[in-house]
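The structure appears below as structure tokens.
Residue numbers (the working numbering): -17 to 128.
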């Protein structure tokens, strides 16, 4: 979304709503802050309109500087396979819940939507915990030799 053009938090919120993902403006701003701190996006332009400041976000040029290595699939095939299996298990576990809660005909895309929300929130949690200087850092403690 930000790769194509500069957008404000409100415009991002509107674009998400148009694509069926209704998010509060405060939620969008929170995630923008996390992405900005991670260096994935940046404030590209600031405008003052009727006393209010509008921040326009874009993708970070650092993000565009990385290329996936040709051997990526081979090198990370085990991690991809394990992660895919775990996500499939979560999706399978969600399917019955989506049909039991509602008397309407089940929407097969609903479980996928919930899975994407889970993945997004889990990634946010990981990124927040892995910030430098964060006492809740997600790195595993080293085992001590006895």
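The C-beta atom is built at its ideal place from N, Cα and C for all residues, glycine as well.
Residue i: buried (16+ other C-beta within 10 angstroms of its C-beta) or exposed?
{"i": "residue 3", "result": "exposed"}
{"i": "residue 93", "result": "buried"}
{"i": "residue 91", "result": "exposed"}
{"i": "residue -9", "result": "buried"}
{"i": "residue 101", "result": "exposed"}
{"i": "residue 56", "result": "exposed"}
{"i": "residue 17", "result": "buried"}
{"i": "residue 69", "result": "exposed"}
How big is the Cα-Cα spacing for residue i and residue j?
{"i": "residue 36", "j": "residue -16", "result": "15 Å"}
{"i": "residue 15", "j": "residue 1", "result": "22 Å"}
{"i": "residue 51", "j": "residue 32", "result": "47 Å"}
{"i": "residue 122", "j": "residue 95", "result": "For residue 122, the pLDDT reaches just 49, beneath the cut-off of 50, and the residue's location in the model is therefore unreliable, although a value from the coordinates is still provided. Going by the C-alpha atoms only, they are around 30 Å apart."}
{"i": "residue -3", "j": "residue 105", "result": "21 Å"}
{"i": "residue -13", "j": "residue 40", "result": "7 Å"}
{"i": "residue 13", "j": "residue 112", "result": "15 Å"}
{"i": "residue 66", "j": "residue 29", "result": "43 Å"}
{"i": "residue 97", "j": "residue 107", "result": "15 Å"}
{"i": "residue 61", "j": "residue 53", "result": "14 Å"}
{"i": "residue 11", "j": "residue 19", "result": "12 Å"}
{"i": "residue 72", "j": "residue 34", "result": "43 Å"}
{"i": "residue 110", "j": "residue 103", "result": "10 Å"}
{"i": "residue 58", "j": "residue -5", "result": "34 Å"}
Tell me, please, which residues DSSP counts as bridged to residue i.
{"i": "residue 30", "result": "35"}
{"i": "residue 24", "result": "40"}
{"i": "residue -11", "result": "39"}
At least three beta-carbon pairs within less than 8 Å, the region -3 to 11 to the region 24 to 33: no
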